[in-house]
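Residue numbers (our numbering), protein chains in the order written: chain A, 772 to 962; chain B, 772 to 962. Ideal Cβ positions, reconstructed from N, Cα and C, are used throughout, including at glycine. Just so you know, these numbers come straight off a predicted model, no measurement behind them. Worksheet: the structure to be examined is printed underneath.
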DNA sequence: GTCAATCTTGACGATAATGTCAAGGATACT
DNA sequence: AGTATCCTTGACATTATCGTCAAGATTGAC
């Protein structure tokens with residue numbers, strides 16, 4: 772059939788996200804996307820222009836889900852519990868699938884050198900937003916932390932999450948990652 | 772001239788390291804290596820077999836230098852000072868060059884999915900050794916830390932260094948990375 | 001019912017990278 | 001000197017990807 776768009780855009784983007792997540796922006800090819808979505812290469816070019824445009828849509832969908840999940844995990848009265856929830860969430864997120872998919876944001880950040888300004892911008896964006904979420908959580912902690920300290924510490928937390936993503940790629944197991952995260956929280960929040 | 776090897780292997784590997792560092796194992800091509808070293812593609816194939824073999828040699832050279840520098844930076848009586856030195860070293864290491872080269876180990880780890888077992892092994896190796904170096908430093912700290920704790924904490928430190936490497940790729944400046952590292956050390960070691 | 005708009009499809013040309021190889025030629029050993 | 005060895009070089013076949021496009025077909029508007 773022709774003449775009218777034959778595919779559901781949301782489904783295509785969701786499937787594309789899966790492909791990008793498993794292969795990365797750089798390694799995923801239009802062929803991969805075509806095969807996974809069942810939409811011909813030519814149709815994808817016609818509908819979106821190029822691979823990166825598809826990626827940006829998929830990545831936006833991803834960051835939306837991710838930040839919402841992060842906000843939800845961090846929404847706990849006790850700061851330490853909130854942080855534990857948060858790390859559990861991201862570790863499961865990156866070790867899910869078989870083989871594990873890893874962290875899309877981190878993978879994309881590492882491709883930064885060969886990506887467009889727009890892609891880099893999105894990565895900075897999601898990291899910045901994550902930092903704010905964590906900063907809010909830390910600021911809400913009972914007591915003696917000043918706002919500036921909370922913000923600096925929030926960036927340390929974000930940095931550590933990126934480290935976990937790398938360690939996952941290096942072969943560390945979910946269990947090992949969780950142990951590191953727990954050790955980190957204890958050390959920073961004072962066990 | 773022909774008949775006898777026309778190039779100095781150490782120089783070629785050093786140059787190859789530079790290429791891999793700037794482009795990554797995956798993105799660097801034999802053409803790139805040939806152009807940078809001045810050795811023809813065919814000669815490189817003849818001498819080393821394939822790109823990955825060249826990479827492994829270059830990577831070994833790199834990790835040797837890196838771990839030595841890390842050991843040197845950590846060789847300070849005061850644990851906190853040792854850690855500061857160490858982080859300064861790795862941050863300069865990854866922000867050096869223009870544009871900055873980033874961290875080769877981290878970049879390679881992220882390529883894990885598309886790399887051979889051998890490459891993955893080297894990455895795990897260098898991270899493991901780094902963990903041991905840091906563990907030794909932490910164990911030597913005055914006082915109350917048990918060996919098991921030191922080892923767990925060492926892995927947290929390694930993880931954080933990986934996070935810094937990602938943040939660098941995401942666009943954070945040397946100054947910002949140093950601030951995060953300082954905040955991290957203070958938080959963990961008790962400021 | 002006609003027609004313009006637009007989606008699908010398969011094909012095409014261009015580019016880039018890989019790995020291989022035969023020919024050519026210098027070296028070193030005997 | 002003769003000869004085997006080994007390196008260099010350029011060419012080749014292969015494969016993969018990209019982006020484009022013309023032809024074909026259907027829908028929806030008028």
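Checklist entry - Is the CB of residue 830 (chain A) under 7 angstroms away from at least one CB in chain B? => result no
Next on the checklist: Give me, in chain order, the residues of the same chain whose beta-carbon lies closer than 7 angstroms to that of residue 933 (chain B); leave out the 5 immediate sequence neighbours on both sides.
Outcome noted: 877
Checklist entry - Leaving out five residues before and five after residue 846 (chain B) in sequence, what residues of the same chain have Cβ atoms less than 8 angstroms from its Cβ? => result 853
Checklist entry - Which full runs of the alpha helix (DSSP H) of 4+ residues lie inside the region 902-948 of chain A, going along the chain? => result 918-941
Checklist entry - If you follow the alpha helix (DSSP H) that residue 817 (chain B) is part of, which residue opens it and which one closes it? => result 812-819
Checklist entry - Short check: CB of residue 803 (chain B) to CB of residue 790 (chain B), under 7 angstroms? => result yes
Next on the checklist: Looking at residue 829 (chain A): is its Cβ nearer than 7 angstroms to the Cβ of residue 788 (chain A)?
Outcome noted: yes
Checklist entry - Under 7 angstroms between the Cβ atoms of residue 879 (chain A) and residue 796 (chain A)? => result yes
Item to check | Backbone CA spacing between residue 772 (chain B) and residue 900 (chain B) [nearest angstrom] | outcome: With a pLDDT of only 46 at residue 772 (chain B), under the threshold of 50, the placement of this residue in the model should not be trusted; the figure read from the coordinates follows. When rounded, the distance between both Cα atoms is 43 angstroms.
Next on the checklist: Between residue 951 (chain B) and residue 926 (chain A), how many whole angstroms is the CB-CB distance? I'm expecting something under 8 angstroms.
Outcome noted: 5 angstroms
Item to check | For residue 861 (chain A) and residue 840 (chain A), the rounded distance between their alpha carbons | outcome: 9 angstroms
Item to check | Residues from the region 851-862 of chain A in contact with chain B, defined by Cβ distance under 7 angstroms | outcome: none
Checklist entry - So with Cβ pairs under 7 angstroms, would you call residue 879 (chain A) a contact of chain B? => result no
Checklist entry - From the beta carbon of residue 872 (chain B), is the nearest beta carbon of chain A less than 7 angstroms away? => result no
Checklist entry - Cβ atoms of residue 910 (chain B) and residue 919 (chain B): under 7 angstroms apart, would you say? => result no
Checklist entry - For residue 904 (chain B), which option in B:922, B:895 and B:875 has the closest C-alpha, if you only look at C-alpha atoms? => result B:922
Checklist entry - Considering only the beta carbon of each residue, do residue 897 (chain B) and residue 834 (chain B) sit closer than 7 angstroms? => result yes
Next on the checklist: Can you check whether the C-beta of residue 934 (chain B) is within less than 7 angstroms of a C-beta belonging to chain A?
Outcome noted: yes
Next on the checklist: Can you find the residues in the same chain that come closer than 8 angstroms, C-beta to C-beta, to residue 720 (chain A), ignoring five residues on each side of it along the sequence?
Outcome noted: Beyond the ends of chain A as shown, which are 772 and 962, falls residue 720 (chain A); an answer cannot be given.
Checklist entry - In chain B, which residues lie less than 7 angstroms from residue 942 (chain A) when you measure between Cβ atoms? => result 891 and 895
Item to check | Min CB distance residue 719 (chain A) to chain B below 7 angstroms | outcome: As shown, chain A starts at 772 and ends at 962. That puts residue 719 (chain A) outside it, with no answer to give.
Checklist entry - How should residue 850 (chain B) be labelled, buried or exposed, when 16 other C-beta atoms within 10 angstroms of its C-beta is the threshold for buried? => result buried
Item to check | 7 angstroms Cβ cutoff met for residue 924 (chain A) and residue 792 (chain A) | outcome: no
Checklist entry - Between the Cα of residue 1010 (chain A) and the Cα atoms of A:798, A:799 and A:815, which residue gives the shortest distance? => result No answer is possible for residue 1010 (chain A): the residues shown for chain A start at 772 and end at 962.
Checklist entry - Would you report the Cα separation of residue 958 (chain A) and residue 960 (chain B), rounded to the nearest angstrom? => result 8 angstroms
Checklist entry - Quick one: does the C-beta of residue 857 (chain A) sit closer than 6 angstroms to a heavy atom of the ligand GDP? => result The ligand GDP is not part of this structure, which contains no ligands at all.
Item to check | Proximity below 7 angstroms, CB of residue 928 (chain B) to CB of residue 931 (chain A) | outcome: no
Checklist entry - residue 810 (chain A) and residue 937 (chain B) look like a contact to me (Cβ under 8 angstroms); what is the Cβ gap, rounded to whole Å? => result Contact flag wrong, Cβ pair sits at about 33 angstroms.
Next on the checklist: Check whether chain A comes within 7 angstroms of residue 954 (chain B), counting only Cβ atoms and requiring the distance to be less than that.
Outcome noted: yes
Item to check | Near-chain A residues of the region 899-919 of chain B (beta-carbon distance less than 7 angstroms), N- to C-terminal order | outcome: none
Next on the checklist: Is the separation between the beta-carbon of residue 866 (chain A) and that of residue 940 (chain A) shorter than 7 angstroms?
Outcome noted: no
Item to check | Supposed close pair residue 786 (chain A), residue 800 (chain A) - CB separation, criterion 8 angstroms | outcome: The pair is not a contact, with the Cβ atoms about 14 angstroms apart (cut-off 8 angstroms).
Item to check | Inter-residue Cα distance where the pair is residue 883 (chain A) and residue 942 (chain B) | outcome: 9 angstroms
Next on the checklist: Using 8 angstroms for Cβ pairs, my map puts residue 844 (chain A) next to residue 857 (chain A). What's the rounded Cβ distance?
Outcome noted: 4 angstroms
Item to check | Interface residues of chain A facing residue 937 (chain B) [CB-CB closer than 8 angstroms] | outcome: 877, 880, 881, 930, 933, 934, 936 and 937
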